[in-house]
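Using our numbering, the final residue of the sequence shown is 505, and nothing's skipped along the way.
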Amino acid sequence: MKSIRKFFLPLLLFCLTASAAPLKSDWKLCRGATLETRDGKQYLRVIIRPEEKEAMNCAEAEFDLAPWADSMVELTIRARAKGVSAPVNYYNGVKFMLNFTDETGKEYWNNVVRLDGTFDWRDISFAALIGRPGKKSLLKLGLQESSGEVEFDLGSLRVTKLFGAPAEPYTAVYSDTVASAPQFRGVMSPVRFKAEDFDTLGEWNVNLVRAQMIRNWGKAGTDRDLGEYDAWLDGMLDHYEKMFPLGYRKGIRFVIDLHTLPGGRYESGEMAMFHEKEYADHFIAVWKKIAERFKDNPAVWGYDLVNEPSQIRRAPYDYWNLQRRAAEAIREIDPERPVILESNGWDAPETFRYLAPLKLKNIIYQVHMYKPGAYTHQRVKVRGGRLKPGEKPIPYPGKIAGTDYDKEELRRDLQPVRDFQKKYGARIYVGEFSAAIWAPGAADYLRDCIELFEEYGWDWTYHAFRESPVWDVEKAGTNRGDIRPAADTDRRRVLLEGFRRNKVN
Numbered sequence: 001m002k003s004i005r006k007f008f009l010p011l012l013l014f015c016l017t018a019s020a021a022p023l024k025s026d027w028k029l030c031r032g033a034t035l036e037t038r039d040g041k042q043y044l045r046v047i048i049r050p051e052e053k054e055a056m057n058c059a060e061a062e063f064d065l066a067p068w069a070d071s072m073v074e075l076t077i078r079a080r081a082k083g084v085s086a087p088v089n090y091y092n093g094v095k096f097m098l099n100f101t102d103e104t105g106k107e108y109w110n111n112v113v114r115l116d117g118t119f120d121w122r123d124i125s126f127a128a129l130i131g132r133p134g135k136k137s138l139l140k141l142g143l144q145e146s147s148g149e150v151e152f153d154l155g156s157l158r159v160t161k162l163f164g165a166p167a168e169p170y171t172a173v174y175s176d177t178v179a180s181a182p183q184f185r186g187v188m189s190p191v192r193f194k195a196e197d198f199d200t201l202g203e204w205n206v207n208l209v210r211a212q213m214i215r216n217w218g219k220a221g222t223d224r225d226l227g228e229y230d231a232w233l234d235g236m237l238d239h240y241e242k243m244f245p246l247g248y249r250k251g252i253r254f255v256i257d258l259h260t261l262p263g264g265r266y267e268s269g270e271m272a273m274f275h276e277k278e279y280a281d282h283f284i285a286v287w288k289k290i291a292e293r294f295k296d297n298p299a300v301w302g303y304d305l306v307n308e309p310s311q312i313r314r315a316p317y318d319y320w321n322l323q324r325r326a327a328e329a330i331r332e333i334d335p336e337r338p339v340i341l342e343s344n345g346w347d348a349p350e351t352f353r354y355l356a357p358l359k360l361k362n363i364i365y366q367v368h369m370y371k372p373g374a375y376t377h378q379r380v381k382v383r384g385g386r387l388k389p390g391e392k393p394i395p396y397p398g399k400i401a402g403t404d405y406d407k408e409e410l411r412r413d414l415q416p417v418r419d420f421q422k423k424y425g426a427r428i429y430v431g432e433f434s435a436a437i438w439a440p441g442a443a444d445y446l447r448d449c450i451e452l453f454e455e456y457g458w459d460w461t462y463h464a465f466r467e468s469p470v471w472d473v474e475k476a477g478t479n480r481g482d483i484r485p486a487a488d489t490d491r492r493r494v495l496l497e498g499f500r501r502n503k504v505n
């Protein structure tokens, strides 16, 4: 019974409480929308002709977000559709959306995606991170960029709190070795190391490399065959055992980063192991194996449990508890080495509002900084990385996605992490930050990020060293077609300036 309580009690901290949605006013109907009452239930139906599909044809009602401040919630409603045409953009089609502003005036849109065609009554849902809500909050139902018919059962609308701000205060505990360790500044690794990589990193005065065990990045439905997965993983661990000593001789320590996980990801980006026991159990077994193999290796600084966890639904093995279980398993094998925990939402800064500290010694908390994504990832997913006719690149500093971005705006984006650090006495590690090589002002963006990390005393590693040319500070180009080696770039100079702060290797 004690062990059962040990497993389920932390889960209760993230209690899955559902309630009917608090709509504050009557529905404002759109073109093609009607309200109907059948058998005492209210339904919203939207019918759009093909010539009307370009617009957002959504009914809307005011929505009270106050009960869910600093929480992640799942919104669910029953719906059915008939002949909804496929939209150009995957995030359009059947529209079930929450549109709101936060206290600073920033606007957010969260909604279901990839939903069209014909289907009978079923639950549809999406997740939204509610920080400090402002005045404007609207729920929108209907169609966008699609024709056809969709119907919603308004009485089925529910809001479920997935994660909320921790209630218990807790101060992070670090051993003298970890507490007194110097600040780490470095890079993420290539997919596989070459011996000459360490010559360059030594010259750069890097003292930390986040070694990523990665394959199938950006793909769904991979890594389901656990035998094949283990064979790949063992090959990577063999590679690290050969390569780590080369870096260690240059004064470099390593974080072992499990970038690709057993069971892979779903189309939604969620990890399969959050929902399927086979993969959750295997995740724990993987970390036991890694800890057994590297527990006495002086080159290894820490174990990075899950790269960019994403949980957007209720899950039996949620992102926090599964990492907790792995950390506890590692502690039985390797009592002292830092274990690095990542937050939800692809390790986004805002999710630190509801991140709970682990009650274990030497836990380091990692964040990834790509805010604002419209700037850092501009054209990264566009074929060829080319501008469309008439399109202009997005500069930094400047107005980005409606917000005036500069160093102080970056500070505001990182504030939830800073608050977490101060509240719990936590050591913070920025595992990834970057901007595409063709982003105007990328060097200024990197400099502003590094200056904030330094001000707060955070460890950091740049994404990435000799991995993808899109992020490579040893290359230049305006799109994928003209990326070329560059002996010197302003982005590289910014990194070297940061690395000079490291103690001499």
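Yeah, the Cβ is synthetic: ideal placement off N, Cα and C, and Gly gets one too.
Residue closest to residue i, alpha-carbon to alpha-carbon, out of the options
i	options	result
arginine 466	Tyr445, Val300, Ala195, Pro298	Ala195
tyrosine 432	Asp347, Gly40, Asp490, Gly32	Strictly speaking, residue 432 in this sequence is glutamate, with tyrosine absent from that position. When each option's Cα is compared against that of glutamate 432, the closest is Asp347.
tyrosine 424	Glu270, Ala165, Tyr91	Ala165
glycine 302	Arg386, Asp459, Trp232	Asp459
glutamate 103	Tyr91, Asn89, Asn502, Leu65	Leu65
arginine 265	Ile214, Val300, Arg192	Ile214
valine 300	Ala329, Met273, Lys242, Ala285	Lys242
phenylalanine 453	Arg412, Gly441, Ala476, Ile124	Arg412
isoleucine 130	Glu145, Glu151, Glu107	Glu107
proline 395	Val46, Trp438, Glu409	Trp438
proline 507	Phe274, Gly40, Lys161, Ile77	With the chain covering only 1 through 505, there is no way to say anything about residue 507.
arginine 325	Val380, Phe100, Thr160, Ala285	Ala285
serine 71	Val84, Lys28, Ala127	Ala127
alanine 374	Val150, Pro393, Gly384	Pro393
isoleucine 290	Asp334, Lys136, Gln311	Asp334
lysine 28	Ile252, Lys422, Ala61	Ala61
Three-way DSSP call (helix, strand, coil) for residue i in this model
i	result
arginine 493	helix
histidine 368	strand
isoleucine 4	For isoleucine 4, the pLDDT reaches just 34, beneath the cut-off of 50, and the residue's location in the model is therefore unreliable, although a value from the coordinates is still provided. Residue state, collapsed to three classes: helix.
leucine 13	Low confidence applies here, because leucine 13 scores a pLDDT of 37, under 50, leaving its location unreliable and the question unanswered by this model.
proline 416	helix
arginine 484	strand
aspartate 116	coil
asparagine 505	In this prediction, asparagine 505 scores a pLDDT of 48, lower than 50, which makes its location untrustworthy; the coordinate-derived value is nonetheless stated afterwards. In this structure, asparagine 505 counts as coil in the three-state DSSP scheme.
glutamine 183	coil
valine 286	helix
alanine 315	coil
valine 178	helix
phenylalanine 96	strand
valine 430	strand
glutamate 52	helix
glycine 155	strand
Buried/exposed call for residue i, threshold 16 Cβ in 10 Å
i	result
isoleucine 340	buried
serine 180	exposed
tyrosine 354	buried
proline 309	buried
leucine 12	Any reading at leucine 12 must be qualified, since the residue scores a pLDDT of 33, below 50, and its modelled position is unreliable; no value is offered.
glycine 345	buried
alanine 356	buried
threonine 37	exposed
glycine 93	buried
arginine 492	buried
tyrosine 90	exposed
phenylalanine 14	For phenylalanine 14, the pLDDT reaches just 39, beneath the cut-off of 50, and the residue's location in the model is therefore unreliable, leaving the point undetermined.
glutamate 278	exposed
tyrosine 319	buried
leucine 410	buried
glycine 441	buried
leucine 157	buried
alanine 327	buried
threonine 76	buried
valine 88	exposed
C-beta atoms of residue i and residue j nearer than 8 Å
i	j	result
proline 349	proline 298	no
arginine 427	glutamate 74	no
glycine 148	alanine 81	yes
leucine 138	isoleucine 124	no
leucine 141	cysteine 58	yes
methionine 56	glutamine 144	yes
phenylalanine 96	alanine 79	yes
Check: residue i C-beta below 7 Å from any heavy atom of the ligand FMN
i	result
arginine 122	For the ligand FMN, the structure offers nothing, since it holds no ligand at all.
* Below 8 Å, can you find three or more Cβ-Cβ pairs linking the region 493-500 to the region 439-451? -> Output reads yes: the region 439-451 touches the region 493-500.
* Asked: Should the region 48-62 be called in touch with the region 115-131, which here means at least 3 C-beta pairs below 8 Å?
  -> no
* **the region 396-404 in contact with the region 358-370 per 3-pair CB rule at 8 Å** => The region 396-404, when compared against the region 358-370, does not touch it at the 8 Å Cβ threshold.
* Touch check for the region 185-192 and the region 461-481: three-plus C-beta pairs under 8 Å? -> yes
* Any contact of the region 252-265 with the region 202-213, i.e. 3+ C-beta pairs under 8 Å? -> Between the region 252-265 and the region 202-213, the count of C-beta pairs closer than 8 Å reaches three or more; the two stretches touch.
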